[in-house]
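Chemist: Okay, so the sequence shown: first residue is -5 according to the numbering used here, each after it adds one.
Think of the CB as a built atom: it goes at the ideal place given N, C-alpha and C, for glycine as much as any other residue.
Questions regarding the structure given below will be posed in turn.
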Amino acid sequence: MKNSNLILNAEVSRALNMNMPVVALESTVITHGLPRPQNLQLARDMEKRVRDTGATPATIAILDGEIRAGLSDVELLQLSEADAPLKVSHRDFATAIVKKNSGGTTVAATMFVAHQAGIQVFATGGIGGVHKESPFDISTDLRALADIPTIVVCAGAKAILDLPATLEYLETMGVPVVGYQTDEFPAFYSRESGLKVSARLDSPREIATFAQTHWNLGMHSAILVTNPIPESASIPVSEMQPMIAQASAEAMEKGIHGQALTPFLLGRISELTKEKSLNANISLLLNNAQLAAQIAEEFAATKRTKLI
Ligand code: PSU
Ligand code: MN
């Protein structure tokens, strides 16, 4: 392990040593993405979904200045109830460590830790991207996708972002955007966006083979796997659009920018759509945890075959 600040729990460490499937899970969704008490329930349910699908969950977070991969139930509780937790992306690790803070790791930060821990597959809800409010507000998630060789399973990106610009950035950086059983880039709450993925793949095995092929060529980027929200929980774009426009206008009016912008927009949208968006969010997160566990199993199987 390259990072002496990184602590793996025993279960994750054992699974990795045995080449068993492991799925990294992010924690900004726990600290900044969902309200209490749904955040703790979701964290537990995502871990359970990963286990039920046959893989070991490794929730990644910072606890009292320590970078952790794999949390106990008590530690999940501690994180979900932390007082003013940090939202930790690449630039914030050293801050959290020297100040001994606790925080949730963003998609970018979770990829960074997962890669150092030797975990290839990661499940999240939605990635950050290029914001509409300011063309210079580009999430570190996009740079991490360009640089860190992991398989990131998400439900696309929310229409609070400039989705065409986000896809252009990913194309420039050479990041494959895979549609799982779809040709269209999903827009988080909605299955449709009118935008195309770069490759459609229909099974977890094909995705594992695709990732091996990409990396065997010498590529170093992530593979972004986009998994549309289950039909029953999805909300049409036309229904979301007015709420997104309102949240965006309020953010500009209040001068909200930087790290606070994404949590503000997400919070306002969930207030405006009430229970519906919360249920959609939970449904897609569990769906992504399951697909990530299936991909991790296929990926681990290819690694075990090579060792024989
Ligand atoms: N998108 C969502 N829900 C989230 C986030 C993004 O639909 O909770 C979180 C993720 O942790 C993501 C982060 O990595 O917000 C991006 O923040 P920023 O735009 O400040 O980079
Ligand atoms: Mn930003």
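Going by CA-CA distance only, name the one from LEU71, SER96, ARG43 that's closest to LEU57.
Modeler: Taking the sequence shown and counting its residues from 1, one reaches residue 57 at position 63. Of the candidates LEU71, SER96, ARG43, the one whose C-alpha sits nearest the C-alpha of LEU57 is SER96.
Chemist: Do you know whose CA, among LEU218, ASN275, ARG199, ALA239, lies nearest ALA290's CA?
Modeler: Numbered from its first residue, the sequence shown carries residue 290 at position 296. That would be ARG199, whose Cα lies nearest to the Cα of ALA290.
Chemist: Quick test of your reading: ILE113 and VAL16, contact by CB under 8 angstroms. State the CB separation rounded to the nearest angstrom.
Modeler: Here residue 113 refers to the residue found at position 119 of the sequence shown. Here residue 16 refers to the residue found at position 22 of the sequence shown. Yes, ILE113 and VAL16 are in contact; Cβ-Cβ is about 5 angstroms, under 8 angstroms.
Chemist: Look at the alpha carbon of ASP67 and the alpha carbon of ALA295, and state the distance between them as a whole number of angstroms.
Modeler: Indexing the sequence shown from 1 puts residue 67 at position 73. Indexing the sequence shown from 1 puts residue 295 at position 301. The straight-line gap from Cα to Cα measures roughly 28 angstroms.
Chemist: In angstroms, rounded to a whole number, what distance separates the CA positions of ALA245 and ALA239?
Modeler: Taking the first residue of the sequence shown as position 1, residue 245 is located at position 251. Taking the first residue of the sequence shown as position 1, residue 239 is located at position 245. Their backbone Cα atoms lie some 10 angstroms apart in a straight line.
Chemist: Nearest-angstrom Cα distance between PRO230 and VAL124?
Modeler: In the sequence shown, counting from the first residue as 1, residue 230 sits at position 236. In the sequence shown, counting from the first residue as 1, residue 124 sits at position 130. Roughly 22 angstroms separates the two Cα atoms.
Chemist: Using DSSP with H/G/I as helix, E/B as strand and the rest coil, what is MET(-5)?
Modeler: Numbered from 1 along the sequence shown, position 1 holds the residue referred to as residue -5. In this prediction, MET(-5) scores a pLDDT of 46, lower than 50, which makes its location untrustworthy; the coordinate-derived value is nonetheless stated afterwards. Coil, per DSSP.
Chemist: Could you tell me the boundaries of the alpha helix (DSSP H) in which VAL107 lies?
Modeler: Counted from its first residue, the sequence shown places residue 107 at position 113. Its alpha helix (DSSP H) spans residues 101 to 111.
Chemist: In angstroms, rounded to a whole number, what distance separates the CA positions of GLN288 and LEU279?
Modeler: Stepping through the sequence shown from its first residue, residue 288 is reached at position 294. Stepping through the sequence shown from its first residue, residue 279 is reached at position 285. GLN288 and LEU279: Cα-Cα distance of roughly 14 angstroms.
Chemist: May I ask you to report which of helix, strand or coil DSSP gives ARG47?
Modeler: Mapped onto the sequence shown, residue 47 falls at position 53. It should be pointed out that residue 47 corresponds to Thr in this sequence rather than to Arg. Correct three-state label for THR47: coil.
Chemist: Does DSSP put ARG8 in a helix, a strand or coil?
Modeler: Locating residue 8 in the sequence shown gives position 14, counting from the first residue. It is helical.
Chemist: Does the beta carbon of SER133 fall short of 7 angstroms from some heavy atom of ligand 2?
Modeler: Along the sequence shown, one-based indexing puts residue 133 at 139. Checking every heavy atom of ligand 2 against the Cβ of SER133, one is found closer than 7 angstroms.
Chemist: By alpha-carbon positions, which one of LEU71, PHE258, SER215, GLU41 ends up nearest to GLU5?
Modeler: Taking the first residue of the sequence shown as 1, we reach residue 5 at position 11. Nearest of LEU71, PHE258, SER215, GLU41 to GLU5, Cα basis: GLU41.
Chemist: Along the chain, where does the alpha helix (DSSP H) containing PHE130 start, and where does it finish?
Modeler: The residue labelled residue 130 in the question sits at position 136 within the sequence shown. No alpha helix (DSSP H) holds PHE130; DSSP gives it neither H nor E.
Chemist: On the DSSP bridge list, what partners appear for HIS251?
Modeler: For the purposes of this step, residue 251 is taken as residue 257 along the sequence shown, with counting starting at 1. Note: HIS251 sits in no beta bridge, so no partner.
Chemist: Is GLN253 near ligand 1 - that is, is its Cβ less than 7 angstroms away from at least one heavy atom of it?
Modeler: Here residue 253 is taken as the residue at index 259 of the sequence shown, counted from 1. Yes, since a heavy atom of ligand 1 falls inside the 7 angstroms radius drawn around the Cβ of GLN253.
Chemist: Would HIS26 pass as a contact of GLY98 if the rule is Cβ separation under 8 angstroms?
Modeler: Here the question's residue 26 lines up with position 32 in the sequence shown. Here the question's residue 98 lines up with position 104 in the sequence shown. Yes. Within cutoff.
Chemist: Give me the Cα-Cα distance between GLU162 and LEU19, rounded to the nearest whole angstrom.
Modeler: Here the question's residue 162 lines up with position 168 in the sequence shown. Here the question's residue 19 lines up with position 25 in the sequence shown. In a straight line, the C-alpha of GLU162 is about 26 angstroms away from that of LEU19.
Chemist: For the region 29 to 39 against the region 79 to 92, do three or more pairs of beta-carbon atoms, one drawn from each stretch, fall closer than 8 angstroms, so that the two count as touching?
Modeler: Short answer: they don't touch.
Chemist: Kindly indicate which three-state DSSP category TYR174 falls into: helix, strand or coil?
Modeler: On the sequence shown, position 180 is the one that residue 174 refers to. The answer is strand: DSSP assigns TYR174 an E or B state.
Chemist: If I'm right that ALA138 touches ALA102 with Cβ under 8 angstroms, what's the distance once you round it to whole angstroms?
Modeler: Walking along the sequence shown from the start, residue 138 turns up at place 144. Walking along the sequence shown from the start, residue 102 turns up at place 108. So it is a contact: roughly 4 angstroms between Cβ atoms.
Chemist: Is the distance from the Cβ of PRO170 to the Cβ of ILE121 below 8 angstroms?
Modeler: For the purposes of this step, residue 170 is identified with residue 176 of the sequence shown, where counting begins at 1. For the purposes of this step, residue 121 is identified with residue 127 of the sequence shown, where counting begins at 1. No, they are not a contact pair.
Chemist: For the alpha helix (DSSP H) that contains ALA140, what are its first and last residues?
Modeler: Position 146 of the sequence shown, counted from the first residue, corresponds to residue 140. It spans 134 to 141 - the alpha helix (DSSP H) in which ALA140 sits, taken as one unbroken run.
Chemist: Could you tell me the alpha carbon to alpha carbon distance between MET(-5) and SER7, rounded to whole angstroms?
Modeler: Within the sequence shown, residue -5 is the residue found at index 1, counting from 1. Within the sequence shown, residue 7 is the residue found at index 13, counting from 1. In this predicted model, MET(-5) has a pLDDT of only 46, less than 50, meaning its place in the structure is not dependable; the value taken from the coordinates is given anyway. Distance between the alpha carbons of MET(-5) and SER7: 11 angstroms.
Chemist: I'd like to confirm the pairing. Which residues does DSSP put opposite GLY97 in its beta bridges?
Modeler: As a working note, residue 97 is residue 103 in the sequence shown. Partner(s): ILE56, LEU80.
Chemist: Comparing C-alpha positions only, which one of GLU60, THR118, LYS94 sits nearest to ILE223?
Modeler: Translated into positions along the sequence shown, residue 223 becomes position 229. Nearest of GLU60, THR118, LYS94 to ILE223, Cα basis: THR118.
Chemist: For a test of the three-state rule: what should DSSP assign to SER242, helix, strand or coil?
Modeler: Stepping through the sequence shown from its first residue, residue 242 is reached at position 248. The answer is helix: DSSP assigns SER242 an H, G or I state.
Chemist: By a C-beta neighbour count over all protein chains shown, 10 Å radius and 16 as the cutoff for buried, is ASP135 buried or exposed?
Modeler: On the sequence shown, residue 135 is found 141 positions in, with the first residue counted as 1. With 16 or more other Cβ atoms within 10 Å, it is buried.
Chemist: Is any heavy atom of ligand 2 found at a distance shorter than 7 angstroms from the C-beta of HIS214?
Modeler: Numbered from its first residue, the sequence shown carries residue 214 at position 220. Flag unset: Cβ of HIS214 not near ligand 2.
Chemist: Assuming contact is defined by CB atoms lying nearer than 8 angstroms, are GLU178 and LEU164 in contact in what I supplied?
Modeler: Counted from its first residue, the sequence shown places residue 178 at position 184. Counted from its first residue, the sequence shown places residue 164 at position 170. For GLU178 and LEU164, no; Cβs fall outside 8 angstroms.
Chemist: Work out the CA separation of ASN210 and ALA153 for me, nearest whole Å.
Modeler: Position 159 of the sequence shown holds residue 153. Position 216 of the sequence shown holds residue 210. Answer to the nearest angstrom: the Cα atoms are 34 angstroms apart.
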